[in-house]
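Throughout the sequence shown, residue numbering follows numbering that gives the first Met the number 0, covering 0 to 557 in sequence.
Even for Gly, the Cβ is constructed at its ideal location relative to N, Cα and C.
In what follows, a single structure is set out as structure tokens and then discussed.
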Amino acid sequence: MYYEYKPSEIVRAQHGPELRCKTWEAEAALRMLENNLDPAVSLVYDELIVYGGAGRAARNWKEYQTIVRTLKTLAPDETMLVQSGKAVGVIRTWAHAPRVLIANSNLVPAWSTQEYFDELDRQGLMMYGQMTAGSWIYIATQGILQGTYETLAAVADRHFSGTLAGTITVTAGLGGMSGAQPLAVTMNDGVCLVIEPIDARVKQKVREGYVDEQARDLAHALELCQQYKAERKGYSVGLTGNAATVLPQLLAQSFPVDVVTDQTSAHDLMDYIPEGNLDEVLQLRQDNPAEFKRRALQSIVKHCQAIIDLQAAGAVALDYGNNLRGQAEKGGLRVRDEHGQFLYPGFVPAYIRPLFCEGKGPFRWAALSGDPQDILRIDRALLETFPENRMLRRWIEKAQAKVPFIGLPARVCWLGYGERAKFGLIINDLVARGEVKAPIVIGRDHLDCGSVASPNRETEGMQDGSDAVADWPLLNALANCASGADWVSLHNGGGVGIGNSTHAGMVIVATGTPEKAEQLKRVLTTDPGMGIFRHADAGYELAQQVARERGVKIPGWK
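Laid out in structure tokens, this is it:
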């Protein structure tokens, strides 16, 4: 980690209108990198781990310092190249070209295994970028909160007459992203029991407001869940424990579970905490990684089997995407039916894919001023721009009431093709008129409609069988470069582990200039347009209809 290069002062994003770099685009990249590492935002600050087990913002502290120095000296017509968390070159480009191009964790397909990556990582030659950790657009737990909220709203609509009131959802994991699930459940008026083996993480999520109360033990947790279920009140309960232990206990007690899912870090066995005394288990990870992985896989099998058993007992089961089912399958558990379909579905094919067909996905922005009032001003503009969108209004009202600003103030919402470009121009106009105090960073999760190939998650069960076709995220990155994004990233393995996904990220900064308005219009049309292309090509009638209605150009169509 080159700890001798770690800054003496804690890294936090600079606020306000003062520039340290030569352009706002470079300054924005620097502030978002700093924001990723802010201890209030990041998972393991000393190791530059932002979220998702081992997702880093930079390869080590030495390379972090080099990236910072390079951004501060980057000319308006130069582009910094970043290879797995290390700045490796600066090239002369154009003022409207990306200021930063990032490639993380990418390996030649036949070598794209966790074991080969781990060896390169040990040698200091690579790092795991997760999705938004290594692309510097992470906004803490809020980043996936609306997607989780949308998913659970869809669960409520399909199975519980439009509300989770009077239901209990059981899940696991309270790492960087995982606080989204208990809060999203309560925002849909349900009760959530969330299990996490590290007690400090439970306490942190209670402090941050993502979890309402920490239970003393399992009996106390179940008592609280039953109480608030009976009252039909949204409430979340955090329990320190291991899902592989607790879920079978729920089954043994015939505890009524209405929805079961998880958000543990299962994509890398080194990040899934197996059953046992926590201190001993963490020491085992350091002393004997092979044995740790064996035990982790053993616990994953138990965890996944319990979800399948809870489904058989009547719960609605859905996978939330950290490859728990895939790892359990490697451990010998039967997780598919005779047709090759998972015994319980992923959240994208089950609930989200229709939104992807409309070019919708997790659109987000952050205020470089550091002033929450800038986000609230944009919230107001958002509701004024889309007054007919009742789901959006409900989300913004609940987010303002319940979602804390952590690090740079930020907001996320799901907007589709045409809507993103329209609203990006409105944000740029707010910057130009001085109604917000500094430029606004606009980005998205890599989990988007046209930016990812992930057969166990976003592209699971594609209609034409093209689950593993990775051309689409590559085209997404190339198209965003051509359209004028300010930084673009291309990663391997985010969300589900090395070799299991390819995905691209995009960021553009609303600086208030007419030139940036043109870039915003192009990028924020191109980027969600990739979702229309991808799903129309796969045969989804909804995507084909949206393409025709909105004038999306697809070669070969009349």
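Paired residues, beta bridge with residue i - DSSP
i, result
"cysteine 412", "Phe362"
"leucine 489", "Ala102, Ala503"
"isoleucine 620", "Because the chain is modelled from 0 through 557, residue 620 falls outside the range shown and cannot be assessed."
"valine 509", "The sequence given here has alanine at residue 509, not valine. According to DSSP, alanine 509 bridges with Ile439."
"phenylalanine 341", "Arg335"
"lysine 520", "DSSP lists no partner for lysine 520."
"valine 81", "Ala86, Ile101"
"tyrosine 50", "Gly54"
"alanine 132", "According to DSSP, alanine 132 bridges with nothing at all."
"valine 43", "Ile48"
"isoleucine 167", "Val190"
"alanine 452", "Thr501"
"arginine 91", "Glu77"
Burial state of residue i (16 or more Cβ within 10 Å)
i, result
"isoleucine 306", "buried"
"proline 38", "exposed"
"arginine 410", "buried"
"alanine 481", "exposed"
"tyrosine 2", "exposed"
"asparagine 287", "exposed"
"glutamate 77", "buried"
"tryptophan 364", "buried"
"lysine 552", "exposed"
"valine 451", "buried"
"isoleucine 90", "exposed"
"serine 453", "buried"
"aspartate 447", "buried"
"asparagine 187", "buried"
"valine 430", "buried"
Whether residue i touches residue j by CB criterion (7 Å)
i, j, result
"glycine 208", "proline 403", "yes"
"threonine 260", "tyrosine 319", "yes"
"alanine 86", "threonine 69", "yes"
"asparagine 455", "asparagine 322", "yes"
"lysine 515", "asparagine 427", "yes"
"valine 487", "leucine 100", "yes"
"methionine 529", "glycine 449", "yes"
"asparagine 241", "glutamate 274", "yes"
"tryptophan 23", "proline 438", "yes"
"histidine 490", "serine 104", "yes"
"alanine 25", "valine 508", "no"
"alanine 132", "tyrosine 227", "no"
"glycine 423", "glutamate 357", "no"
"proline 361", "glycine 146", "yes"
"histidine 502", "valine 315", "no"
"threonine 525", "alanine 420", "no"
"glutamine 177", "glutamine 262", "Per the sequence shown, the amino acid found at residue 177 is serine instead of glutamine. A contact, by the Cβ cut-off of 7 Å."
"glycine 555", "aspartate 463", "no"
"valine 210", "leucine 223", "no"
"alanine 53", "proline 75", "no"
"threonine 140", "valine 201", "no"
"leucine 309", "proline 344", "no"
"arginine 392", "leucine 382", "yes"
"glycine 406", "asparagine 34", "yes"
"aspartate 470", "threonine 458", "no"
"alanine 243", "lysine 301", "yes"
"alanine 183", "leucine 151", "yes"
"alanine 295", "leucine 268", "yes"
Closer than 7 Å to chain D by CB, residue i
i, result
"serine 134", "Given the protein chain composition of this structure (a single chain), no chain D is represented."
- Message: Within 8 Å, do at least three Cβ pairs link the region 370 to 378 to the region 322 to 331?
- Response: no
- Which runs of the alpha helix (DSSP H), 4 residues or longer, sit entirely within the region 190 to 215? 198 to 207
- State whether the region 330 to 349 contacts the region 4 to 12, with contact taken as three or more CB pairs (one from each stretch) at a distance under 8 Å. No, the region 330 to 349 is not in contact with the region 4 to 12.
- Output the residue ranges of the alpha helix (DSSP H) runs that lie fully inside the region 296 to 334 and measure 4 residues or longer, sorted by chain position. 323 to 329
- Message: For a minimum of 3 consecutive residues, which ranges assigned as the beta strand (DSSP E) are wholly contained in the region 385 to 429?
- Response: Correct list: 409 to 414.
- Task: Return the chain-ordered ranges of every beta strand (DSSP E) run that is complete within the region 220 to 273 and spans a minimum of 3 residues.
- Result: 234 to 239
- Message: Quick check: the region 113 to 130 against the region 497 to 517, are at least 3 beta-carbon pairs closer than 8 Å?
- Response: Contact holds: three or more Cβ-Cβ distances are below 8 Å.
- Message: Closer than 8 Å is the cut-off here; do at least three beta carbon pairs connect the region 527 to 534 with the region 463 to 481?
- Response: Touching, per the Cβ criterion.
- Assess, as a yes-or-no matter, whether the region 185 to 196 is touched by the region 157 to 175 under the definition of 3 or more beta carbon pairs within less than 8 Å. yes
- Message: For the pair the region 51 to 58 and the region 120 to 127, tell me if three or more CB-CB distances fall below 8 Å.
- Response: Output reads yes: the region 120 to 127 touches the region 51 to 58.
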